[in-house]
Structures are given as C-alpha cells and as structure tokens.
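Quick note, the sequences are listed as chains A and B, same order.
First residue of the first sequence: 1, per the numbering used here; consecutive thereafter.
First residue of the second sequence: 1, per the numbering used here; consecutive thereafter.
Even glycine gets a Cβ: it sits at the ideal position worked out from N, Cα and C.
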Amino acid sequence: MPPDPRSMTPLILSRYTVVSALGKGLDETYRALRDRRSGLRPCDFEDVGIKTYIGRVDGLEDWPVWGGPTSSELAQFDCRNNRLALFGLQQDGFTHAAIEARERYGAHRVAVILGTSTSGILETEHAYRRRDPSTGALPASYVTRYRETHNMFSVAHFVRSYLGLKGPAMVISTACSSSAKVFATAARFIEAGFCDAAVVGGVDSLCLTILYGFASLGLTSSSPCRPCDEDRDGLTLGEAAGFALLEKPEHAGHPGMVALLGYGESCDGYHMSHPHPEGIGAIRAMQEALMRSGLAPEDIDYINLHGTATKANDSIEDKAVSSVCGPSTLCSSTKGWTGHTLGAAGITEAVIAALCLTRSFIPGTLNTTRVDPSLRAHVLLENREQPVRRVLSNIFGFGGNNCSLILGTL
Amino acid sequence: MRLYVSGIGTLGPGLGSWSECRAVLAGERAYCEGPPPEPNASVLPPNERRRSSEIVRWAVHVAQEAMQQAEADAHEVVSVFASSDGETDVLDRLCTALAMPQRVISPTLFHHSVHNAAAGYWGIATGSQQSSTALCCYDSSFGAGLLEAVAYAHMEGRAVLLVTYDFPPPPPLYVARPLRGGFAAALVLTGAPAKQSLAQLDLTLSNDLSEEVTSMDDAQLEALRGGNPAARSLPLLSAIARERPRVVRLEYLGDQHLLIQVMPCPS
C-alpha cells in the first residue's frame, strides 16, 4: 500500500474571484446563488443547432477586452478563452492582489498554475472553415497565433504576461478535474520551495467541440440540468474563469480567511468517459483529502458535489459520498446555476465553497424537484443560511481523473 | 531537490528503445535518424489498443518500458504526462468534421481529444488508481513535467512515472506548429535510491540565464531536441547514458533555467 498522504499546512486564498453565467465577481455570483437565479439559457452560441441549454458569459463576443496601453503586446492572445480569462483577472481586485504579491515576493517567486480542457480551440474550429479551397491551408492570421490562442499553455502564458510574473508555470489539462488539481500542484510547489505564492485557477470557454462532443455521447440535457433529480437526463455545458492567489498563512493569514486544508487526487483506471461503477476513484480522492486535512468526515459541513446531472455520475458519486461521509452530511450540486464549466469547474466550485464559508450559507440544488429516491446522501434542494466552517468539493473528469478539495476558514 | 532515476523508456526516429537510445547518447554508436519505429504498448488490452491513437500508443509504450526496467508496480506509482501539443491528429479530424455542414463527430473521437487521453489509457491499461496529471507548458513541457514529478516524489513520498511525448501535427496544422520527430520518453523517479537506480539528479531552479542551455553534440539530435518539446529531455538522457557527473541546463519558459546535477549510481 502507498503511504498515507501527509498532512498539509493550510494555504490561504488571499484573493479569489470567478466569472460565469451567474455574473462577474463574487457579489454577482453570491446574489444569483442566494436569489436562486440560474445562469442557464437555451443554446444561443453561434449557430449551434443542438437543443440544449448553456451557461454562456455575456459580452465575450463584443466587449473591447484588448483596449488600453497593453493592447498591442497582448493582442496576439485574443480569443474567447483568453477574453474570459481577462474578465476574471479584472474582478474583485485580483490583478491588484497578484501584482502586490509579485512586488512582495519577486516576479520569479510567484507561480501560475491554471487548468483548461479545450483552451482556445474555437479559433482552430473557425480556421478550419476558412481553409484555402485549393491548397487546404489554414488562414495565416490563425497560423501565426496558434501558440497564443489554441495551445493548451496559452491561458497561462497570457495570465503570466498580463501580470508580469516569471515564476514556474504550467497548464494542467485533465478534462473536468483540471482546475481542482491546480490547487494540489501549487501546494506541492510552495512546499517544495519552487515558489512562495501561486496564481491558480482555470478557464474554459464554449466551443463547438464540447457542445457537439457531449451531444454525441448523449450526455446533454434538452432542459436546464437537474442534478440528483429522479428524472435527470444529462448535463448543461457552461463557461467560466476563476482565479485564486495561494499564499502561506504566515504571510497572509488571519482568522476568518479562507484556506485550502486538503486535497486528494486519484484515477478510476476504468474507462475514458464512464466513471467506475463503485466510485472507487472518487472514494480514494475524498479519503485522501480528509487525511491530508487531518479532518474526520463529520467535520465537513457541506459537500459541493460534482453533480453533473448525468444518470451515471450522480448515482455513482452518491455511492462514493455516502460511503465516505455517511447519509447525513449536507450535499448539493451548483451546476443548475452555472452549468458544467469543465476545466473551470474546479475553481468555480472552490470559489462557491469560499462564498459558503464567508457568507454563511449553503446553496441547494437548483432545477431539481424530486431527489432520486435511490440516492442515499442528504441532497439539499433549498438554500440554507447557517455557519459553514469546512466544505468538501468534488470534481471528477474524463479519463477517470478525480480530485477532491477541502476548504475551510482559519 | 534530489531524486533518482530507476527506469527509462524512449522512442524516436532511429531510437527504438532505451538500450538503443543509450548506446547512441553514450557515443557508442553513431546516430542514424531513420523512420519512426512502431510502438508496441502491449500493456493495452486489444480493444483499447485498436481504439487508441498512435500518440497514445507511443506514450504508453515508453511508460511500459520505463516501468519494467524500474521493476515498479503501476498501482504504486503516480503519473505525470507532459506534452505540448497532445492529440493533434484527433484535433484535425474533429475540426474537419465540425467544418462540415452536418457537424457529426464520433463519441470515441471526442473522448480521445482530451489532453489526458494518454494518461487515461495508461490508467485503464494498468488499473492504477494513483493520481495522474496531464500538463502542458509549450516548449518547456518536459521541464514543467519534471518539476511536477520532483515535487510529487518529495512531497507525497511516492514513485513517479514521468512521460513526455510530442508529434508533428498533420498537414494543415503543421504550419502552425512544425514539430520534428515524434519523440517520447519516460522516466521512473523516486525520492530515495533503489537497487535499480541509474542516476541521481539534484534539481534547482535558477534565475541566472547567462549560460547557454545544454545542447546535443550531434547535429541531427540537436535538430530533434530543438524541434520537439519532448526531445528537450535528450540532454538529461544523454548525461545519464554517459554515466559521468554532469550539469544539465534546461530552458524553462525563457525566464528561468532548470539546473540538473546528474550523478551516476553505482551499478
């Protein structure tokens, strides 16, 4: 047997933010959650003819994101995914906090570790429609910007250029678990001394590949997704950008601040797009996160489920959650608000966990009317207002790649 | 930060396995580029083997070779898959289909398009439930993977399988990313020495860029190193093959260098 995971020193989320279909920044996100206002709408992305809903972020098509003095240097990065990243960087004083960290620690001592599943693939999809009819060549305007738009590293390249950071950087791309796993990598990098602080997060934007791809798997619902509902019939896709600045408590911590207390990573080793029927990978991720945080299952006040609203995910996750935490811990999925934001789901739901901790509430499960009676976990439908000290957030992805995070207040 | 290499796998044009590659890199045999070899990847079950892309089979092949040499059990080993451009063949087929009026894409093609396809197939082939990460850092993807692997080996006390792979994309995309090769390499890394250990690595990040990064003496190997992000591992592999103490300097994002002090382990 591998050694038990070592306990970790909590890391402070000294600043964090998110942009999704719910709005821009913490206040808009919180208000939509509190008022039970979904960000999902009938699919109106480009000319996509799939009968489904989407969680689209308004304004990405036309907002002049690249204006201002830095525009010429950064214009090469212009694509939907990096526009969404910039939306995120501009909320809740995140850019200011990151630049302050750069000045405090030095540009080489701040890492950028981000997740995405499809990066700027939309640019490539568009370029393939504009191939030269005689030679098949892609347009030159695309070819010269492949690195800055579509390559998986593009979003981290953009963010570190925008923030003037020179520390270690990478993009983790493990499908839906991408921007949960960035917390684990950043925690190891800080502990290993490769950096003093890290900008973590994730950005994933709507594109044809994911809309037609999930439809080809028969996984998209024709109505807004209903996680854990007995009549659930698939997921709703969304887009989001979120960031957190991770620092050691001795540099940034004070009571009441949100901290990463534990993480657990695992694989199913079972199938590319179907979770293990007994949820063994999910169980392992949750158990490792608990061990690393030094907490017992009963210390968890709320579990933010992966809860995609597919038949398979929700029932298998339920098995895993109830076997680790029993049937009484409060659980919900927030994907009825945001949709499944794929590579940005980890950071989106980590920020929602932070809102639960700081604003003393637990979101219910939007759009769901009757919880599947075969589920054993305590799935909450209505919001609750109550103090919350520890949240477990589950993210599971294609390739059977799982990650659980535990966030709490110091 | 110190770690030990206990197994290596390689596949590249004229570099069919680590024993072949080692002989070339140690200067015992001249390098002859040759056609790319066929990956074996026998650990993949026949169905998965048929479904998987060539890139996945290359990655799995070198992973299998390194793990066998290290006598490591996949159920105990964490994996890190580092690739700059990943599944470009799949991407080409997806984008071609999406440019047609009907936009019909196959579910299999879609789930093969993820950057963690090779990592996923490795997990399915071995049944390993250990953590697996797939990452990208453009031309510095190997260096980033090495950092992730070192941090994992030390902070979590686990053996780590690091796999790096990159391929020239098919024609329309090739102009956007003209890679050479393909090339794939795998290293099994541990925080403590073992009887199989081939080399000891001491790794540090440096902000001093005044010295040149380590290049290859052979012009063809140097072209491969410069033209394929996975082949940025060649100077490190070369230092291990030569079994003499050496400092290897890898570029990391143009802002830092990765310094690796390589020491042979007594065999």
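C-alpha gap between residue i and residue j, whole angstroms
i, j, result
"G253 of chain A", "C21 of chain B", "50 Å"
"A59 of chain B", "H112 of chain B", "14 Å"
"S161 of chain A", "I210 of chain A", "28 Å"
"I418 of chain A", "L165 of chain A", "The displayed coordinates of chain A run from 1 to 410. Any statement about residue 418 of chain A would go beyond what the structure contains."
"R188 of chain A", "A184 of chain B", "26 Å"
"R314 of chain A", "A98 of chain A", "Here residue 314 of chain A is Asp; the residue named in the question, Arg, does not match the sequence. The alpha-carbon atoms of D314 of chain A and A98 of chain A are separated by roughly 37 Å."
"R145 of chain A", "F158 of chain A", "12 Å"
"A239 of chain B", "I395 of chain A", "40 Å"
"R292 of chain A", "A118 of chain B", "28 Å"
"G202 of chain A", "V262 of chain B", "35 Å"
"P35 of chain B", "Q102 of chain B", "38 Å"
"L86 of chain A", "T164 of chain B", "30 Å"
"G397 of chain A", "L219 of chain A", "14 Å"
"A326 of chain A", "P297 of chain A", "What sits at residue 326 of chain A in the sequence shown is Gly, not Ala. About 8 Å."
"K248 of chain A", "T214 of chain B", "35 Å"
"I300 of chain A", "V321 of chain A", "12 Å"
"I352 of chain A", "L236 of chain B", "43 Å"
"V24 of chain B", "P193 of chain B", "26 Å"
"L208 of chain A", "L98 of chain B", "7 Å"
"G213 of chain A", "C331 of chain A", "29 Å"
8 Å contact criterion, which residue i and residue j should meet: CB distance rounded
i, j, result
"G279 of chain A", "C267 of chain A", "G279 of chain A to C267 of chain A, Cβ: 13 Å. No contact."
"D166 of chain B", "H108 of chain A", "With a Cβ gap of about 27 Å, D166 of chain B and H108 of chain A do not count as contacting."
"G234 of chain A", "A344 of chain A", "Contact flag wrong, Cβ pair sits at about 19 Å."
"C417 of chain A", "G336 of chain A", "Nothing can be reported for residue 417 of chain A: it is not among the residues displayed for chain A, which extend from 1 to 410."
"S17 of chain B", "V78 of chain B", "Incorrect: roughly 24 Å between the Cβ atoms, too far for contact."
"L187 of chain B", "L162 of chain B", "5 Å"
"T88 of chain B", "P170 of chain B", "7 Å"
"H274 of chain A", "A215 of chain A", "So it is not a contact: roughly 17 Å between Cβ atoms."
Cβ-based neighbour list, residue i, same chain, cut-off 8 Å, excluding 5 preceding and 5 following
i, result
"R284 of chain A", "G264, S266, N402"
"Q196 of chain B", "S6, G7, Q69, A70, E71"
"Y128 of chain A", "L138"
"P69 of chain A", "Below a pLDDT of 50, predicted positions are generally treated as unreliable, and P69 of chain A, at 48, falls in that range; the measurement from the model is reported next regardless. Cβ neighbours of P69 of chain A beyond the five flanking positions: none."
Neighbourhood of residue i by C-beta distance below 7 Å, restricted to the same chain and skipping five residues each side
i, result
"R370 of chain A", "D229, E230"
"A21 of chain A", "G39, L40, G55, R56, V57, G238, T338, G339"
"A156 of chain A", "V112, L114, A169, M170, V171"
"G23 of chain A", "T29, A32"
"S206 of chain B", "Q256, H257, L259"
"E211 of chain B", "R249"
"P42 of chain A", "Y53"
"R130 of chain A", "P139"
Interface flag, residue i vs chain C, CB-CB below 8 Å
i, result
"L250 of chain B", "Among the protein chains of the structure shown, namely A and B, there is no chain C."
Local Cβ density within 10 Å of residue i, reported as buried at 16 or more and exposed below that
i, result
"L410 of chain A", "exposed"
"E382 of chain A", "exposed"
"G123 of chain B", "buried"
"R37 of chain A", "exposed"
"K319 of chain A", "buried"
"H270 of chain B", "The question about residue 270 of chain B has no answer, for chain B in this structure spans 1 to 267."
"A82 of chain B", "buried"
"G12 of chain B", "buried"
"C32 of chain B", "exposed"
"N81 of chain A", "buried"
"P39 of chain B", "buried"
"K427 of chain A", "Since the displayed chain A opens at 1 and closes at 410, residue 427 of chain A lies outside it and no answer follows."
"M100 of chain B", "exposed"
"S141 of chain A", "exposed"
"V247 of chain B", "exposed"
"R359 of chain A", "exposed"
Where residue i meets chain B, residues with beta-carbon distance less than 9 Å
i, result
"T52 of chain A", "The premise fails here: T52 of chain A is roughly 14 Å from chain B at the closest Cβ pair, so nothing lies under 9 Å."
Where residue i meets chain B, residues with beta-carbon distance less than 7 Å
i, result
"R188 of chain A", "A151, Y152, M155"
"R273 of chain A", "For clarity, residue 273 of chain A is Ser in the given sequence; the question names Arg instead. Those are H111, listed as they occur along chain B."
"E125 of chain A", "C95, L98"
"K181 of chain A", "T133"
Closer than 7 Å: residue i CB and nearest the ligand NAD heavy atom
i, result
"K166 of chain A", "In the structure on display, the ligand NAD does not appear, and there are no ligands present to speak of."
Partner residues on chain A for residue i, Cβ-Cβ distance less than 7 Å
i, result
"N207 of chain B", "H108"
"C265 of chain B", "Residues of chain A passing the Cβ test: none, with the nearest at roughly 23 Å."
"P172 of chain B", "R131, G136, A137, L138"
Partners in chain A for residue i, counting only beta-carbon separations shorter than 9 Å
i, result
"S128 of chain B", "C267, G269"
"Y4 of chain B", "Correct list: empty, because the minimum Cβ distance to chain A is about 16 Å."
Chain-ordered neighbours of residue i on chain B, where CB pairs are closer than 8 Å
i, result
"R284 of chain A", "Q129"
Residues near residue i in its chain [Cβ-Cβ closer than 6 Å; skip 5 each side]
i, result
"P2 of chain A", "With a pLDDT of 44 at P2 of chain A, under the threshold of 50, the modelled position of that residue is not reliable, and the figure given next carries that caveat. Answer for P2 of chain A: no residue qualifies."
"P264 of chain B", "A199, E243"
"L342 of chain A", "S117, C176, D204"
"G143 of chain B", "L250, Y252, L258"
Proximal chain A residues relative to residue i, where beta-carbon distance stays under 8 Å
i, result
"L91 of chain B", "I121, T124"
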